[in-house]
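**Q**
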Amino acid sequence: MGNGTSIGRVRGLGSAKGGVVHHWLLQRFTAIGNLLTVLFLLVSLVLLPDYSYVTVVEWISRPVPATIMALLVVTTFWHARLGLQVLVEDYVHEHANKFACIAALNLAAFAGAAFGVFSIVRLALGAHA
Amino acid sequence: MANAGTKNRPLSPHLQIWKWGPHMFVSILHRVTGDGMAFAGLGVLLWWLGALAGGPASYATFQWAMTTPIGYIVLVGISWAFFSHMSSGLRHFVMDAGAGYELNTNKTWSIVCPILGVVLTAAFWALLLLR
Chain Z
240 MGNGTSIGRV RGLGSAKGGV VHHWLLQRFT AIGNLLTVLF LLVSLVLLPD
290 YSYVTVVEWI SRPVPATIMA LLVVTTFWHA RLGLQVLVED YVHEHANKFA
340 CIAALNLAAF AGAAFGVFSI VRLALGAHA
Chain F
46 MANAGTKNRP LSPHLQIWKW GPHMFVSILH RVTGDGMAFA GLGVLLWWLG
96 ALAGGPASYA TFQWAMTTPI GYIVLVGISW AFFSHMSSGL RHFVMDAGAG
146 YELNTNKTWS IVCPILGVVL TAAFWALLLL R
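Chains as they are written, first to last, in the numbering used here: chain Z, 240 to 368; chain F, 46 to 176.
What follows is the structure in structure tokens.
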């Protein structure tokens, strides 16, 4: 925090307490990731002949769909983590509650992404009936 | 400690004092659809992937749940949230570049984005159901 200009005196005093530019850029990078990977998923869903277990597993086990679906899980969970962080910063004002919410958010985001990627890897490596 | 310094500071005026416009609606819609998808969308995504990885029996349970009336409402709702959030998100990209702040332009796209979200949702489900 600087003390020269007006903007310098207030930087880092918002509800996020710094790290704002990094957060802002990552929100945009992951938004582009979401756009590409989710559109791939939607087009794939339209093109699949049916949604039977055999058809869907055959599709998601192939290298390109498996890779893009794993990337989809990472980019959407990352983007959601950043978005929910802003929600917490805007509406949870008490310091300890905010800390607890952000901690829970980080655990849930990493756990969710890990479960999603693990499921895809398991299918891609052929561990299905 | 963090509260002590902020308690006596003046608050900015909130929602109730402003004259409502479409830009406020599209802003709130962006947050609601985004945070809604973070819970419902990612939840269904993990259920789908986990059910596939679990085998035919767990996938059958997922298929049953998603083809009930409530399941369809959830799926249509998630797809609507995605297309709405995508439309207003693309609007954000344009505004990040410093464009689209003229009053009339801003109002036009604030009205177009939510409508585009509904139109794309309808088009997507038409493609799914008519293929």
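Every residue gets a Cβ at the ideal spot worked out from N, C-alpha and C, and that includes glycine.
All of these numbers come straight from a predicted model, not from anything done at the bench.
1. Does the region 309-323 of chain Z touch the region 263-271 of chain Z, meaning 3 or more C-beta pairs lie closer than 8 Å?
2. Grab me the residues of W298(Z)'s own chain with a C-beta within less than 8 Å of its C-beta, minus the 5 sequence neighbours each way, in chain order.
3. Under 8 Å by Cβ, that's how I've got D80(F) and G322(Z) pegged, so tell me the actual separation to the nearest angstrom.
4. Step through the CB atoms of chain F and report whether any lies within less than 7 Å of the CB of A352(Z).
5. Could you tell me whether the Cβ of Y146(F) comes closer than 7 Å to any Cβ of chain Z?
6. Who are the neighbours of G116(F) on chain Z, taking C-beta pairs under 7 Å?
7. Examine chain Z for any beta-carbon lying closer than 7 Å to the beta-carbon of A142(F), and answer yes or no.
8. Can you give me the start and stop residues for the alpha helix (DSSP H) that V139(F) sits inside?
9. In angstroms with no decimal places, state the Cα-to-Cα distance between A255(Z) and L172(F).
10. Compute the distance between the beta-carbons of T455(Z) and N273(Z), then report whether it is under 7 Å.
11. So for S103(F), helix, strand or coil by DSSP?
12. Of all the CB atoms in chain Z, is at least one closer than 7 Å to the CB of G134(F)?
13. Closer than 8 Å by C-beta to H137(F): which residues in its own chain qualify, once you throw out the five before and the five after it? Chain order, please.
14. Under the rule that 16 or more other beta-carbon atoms within 10 Å means buried, what is L311(Z), buried or exposed?
15. Interface residues of chain F around I359(Z) at Cβ under 8 Å?
16. Do V71(F) and S133(F) have their CB atoms nearer than 7 Å?
17. Tell me whether S245(Z) sits in a helix, a strand or coil according to DSSP, three-state version.
18. Contact defined as beta carbons within less than 8 Å: I believe H300(Z) pairs with A363(Z). What is the distance between those atoms, to the nearest angstrom?
19. Which chain F residues are close to F268(Z), counting only those with a beta carbon under 7 Å from its beta carbon?
20. From W92(F), L56(F), T166(F), pick the residue whose C-alpha is nearest to that of V356(Z); which is it?
21. Should P101(F) be flagged as near chain A, meaning a C-beta pair shorter than 7 Å?
22. Where does E297(Z) fall in DSSP's three states?
23. Please list, in chain order, the chain F residues whose beta carbon lies closer than 7 Å to that of L346(Z).
24. Under a Cβ-count criterion, where at least 16 other Cβ atoms within 10 Å of its own Cβ denotes burial, should S57(F) be classed as buried or exposed?
25. With H, G and I counted as helix, E and B as strand and the rest as coil, what does DSSP make of K64(F)?
26. In this structure, does DSSP put N149(F) in helix, strand or coil?
27. Quick test of your reading: F128(F) and L165(F), contact by CB under 8 Å. State the CB separation rounded to the nearest angstrom.
28. Ordered along the chain, which non-local residues of its own chain (more than five positions away) have a Cβ less than 7 Å from that of V293(Z)?
**A** So, from the data block:
1. Verdict: yes, contact present.
2. If we look at W298(Z) and ignore the five residues flanking it on each side, its Cβ neighbours are S283, L287, P304.
3. Indeed, because the Cβ distance is near 6 Å, the residues count as touching under 8 Å.
4. Taking 7 Å as the threshold, the shortest C-beta distance from A352(Z) to chain F does not fall below it.
5. The beta-carbon of Y146(F) is placed no less than 7 Å from the nearest beta-carbon of chain Z.
6. By Cβ distance, chain Z contributes nothing, its closest Cβ being about 13 Å from G116(F), past 7 Å.
7. It does not; no Cβ of chain Z falls within 7 Å.
8. V139(F) -> alpha helix (DSSP H) spans 114-141.
9. A255(Z) and L172(F): Cα-Cα distance of roughly 42 Å.
10. In the structure displayed, chain Z extends from 240 to 368; residue 455(Z) sits before or after that span and is not available.
11. Secondary structure at S103(F): helix, using DSSP grouped into helix, strand and coil.
12. Yes - at least one Cβ of chain Z is within 7 Å of the one on G134(F).
13. In chain order, H75 place their CB closer than 8 Å to the CB of H137(F), counting only its own chain and leaving out the 5 sequence neighbours on each side.
14. L311(Z) comes out buried.
15. Taking a Cβ-Cβ cut-off of 8 Å, the neighbours of I359(Z) in chain F comprise L94, A98, given in sequence order.
16. With respect to S133(F), V71(F) sits close: the two C-beta atoms are nearer than 7 Å.
17. Reduced to three states, the DSSP call for S245(Z) is helix.
18. Note that residue 300(Z) is Ser in the sequence shown here, rather than His. Rounded, the Cβ-Cβ distance is 5 Å, consistent with contact.
19. Simply none; closest approach about 12 Å.
20. Nearest C-alpha to V356(Z) among W92(F), L56(F), T166(F): W92(F).
21. In summary, chain A is missing from the structure at hand, where the protein chains are Z and F.
22. Three-state DSSP puts E297(Z) in a helix.
23. Those do not exist, as L346(Z) stays about 14 Å from chain F at its closest Cβ, beyond 7 Å.
24. Counting every other CB atom within 10 Å of its CB across the protein chains shown gives S57(F) a total below 16, marking it as exposed.
25. If DSSP states are grouped into helix, strand and coil, K64(F) belongs with coil.
26. N149(F) falls in the helix class under three-state DSSP.
27. Indeed, because the Cβ distance is near 4 Å, the residues count as touching under 8 Å.
28. Excluding residues up to 5 positions away in sequence, nothing lies with its Cβ nearer than 7 Å to the Cβ of V293(Z) in the same chain.
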